[in-house]
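Numbering (my numbering), first residue to last: 62 to 120.
Note that CB positions come from ideal geometry on N, CA and C, so glycine has one too.
First comes the structure, then the notes that go with it.
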């Protein structure tokens, strides 16, 4: 989870595989990647950006 939608963005916290995140806005482009703005489903105060290629969907 990064502070900004970029590989240069400060790493806020690592998210283990299977972590539940809530997408909070439209996808944005940065560092030639697509990024989702997200917040933690467990701790809504934890927000940032995650690269789209690291995200799966749950029905």
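Residue pairing for residue 108: DSSP places it in a beta bridge opposite 100. Less than 7 Å divides the Cβ of residue 85 from the Cβ of residue 98. Here the alpha carbon of residue 102 sits roughly 8 Å from the alpha carbon of residue 80.
Distance from the CA of residue 91 to the CA of residue 66, rounded to the nearest whole angstrom, comes to 5 Å.
Judged by DSSP in its simplified three-state form, residue 94 adopts strand.
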